[in-house]
Amino acid sequence: MRASEERSKLAAQQVARFCEHLHIEQEKSQMCDRQKKSFELLVKQLQAKIDEADAHALKGNRKIITELEQRIEMLNNEMKRTTRRYQDTLKNCAKQDRKIYDLEFHTNDNKKRFERMHEVIEKLESKAKTQQKQVDEAIKMVEAKSYQQ
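The numbering of the sequence shown is the working numbering, which starts it at 1 and goes up by one.
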């Protein structure tokens, strides 16, 4: 019975750790979303600058265009890395959700077993009390008969 309680407590603690880990991963995911939006905005701004530079390209601003294109390429690569991290975070969240579900299932199963064992113990204790009363009454009857003789 104690082992079951301890397993139940350990499972509950593990659920709490997984919930905390899930919360952290969700925060990371939100941060990645914000970064992605920021990068997308930056890409749009840089694209606007490139468009402006194209207008001035006839005047010899090829160097600016090249630098901006490199910057866009770098930001696109960073966005790809961020997207991969975001996908990994989503996969980890799904794994943690499955683990939490499994732990909740096992915790509920252990709780049900504990309740059944507790009911059996109560029945046995009740039966033992009843038998003790019967033994006490039998002893009193034997003593009463021996006293009468």
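Every residue gets a Cβ at the ideal spot worked out from N, C-alpha and C, and that includes glycine.
Since we're looking at a predicted model, the values are computed, not measured.
Quick check: the Cα distance between residue i and residue j, rounded to an integer number of angstroms?
{"i": "R84", "j": "R98", "result": "21 Å"}
{"i": "V142", "j": "I121", "result": "31 Å"}
{"i": "E6", "j": "R113", "result": "13 Å"}
{"i": "D33", "j": "E27", "result": "10 Å"}
{"i": "I100", "j": "K91", "result": "14 Å"}
{"i": "M74", "j": "E40", "result": "12 Å"}
{"i": "K145", "j": "K111", "result": "51 Å"}
{"i": "S126", "j": "M1", "result": "19 Å"}
{"i": "K80", "j": "Y86", "result": "10 Å"}
Among the options, whose alpha-carbon lies nearest the alpha-carbon of residue i?
{"i": "S4", "options": "Q14, E115, E125 and I100", "result": "E115"}
For a test of the three-state rule: what should DSSP assign to residue i, helix, strand or coil?
{"i": "D1", "result": "According to the sequence displayed, residue 1 carries Met and not Asp. Three-state result, M1: coil."}
Short of 6 Å in beta carbon distance, which residues of its chain neighbour residue i, apart from the five on each side in sequence? Order them along the chain.
{"i": "T82", "result": "C32, Q35 and K36"}
CB-CB under 7 Å to residue i, same chain, minus the five flanking residues each way: which ones, in chain order?
{"i": "L42", "result": "L75"}
Residues in the same chain with beta-carbon distance under 8 Å from residue i, minus the five sequence neighbours each way, listed in chain order, please.
{"i": "A11", "result": "L103, H106, T107 and N110"}
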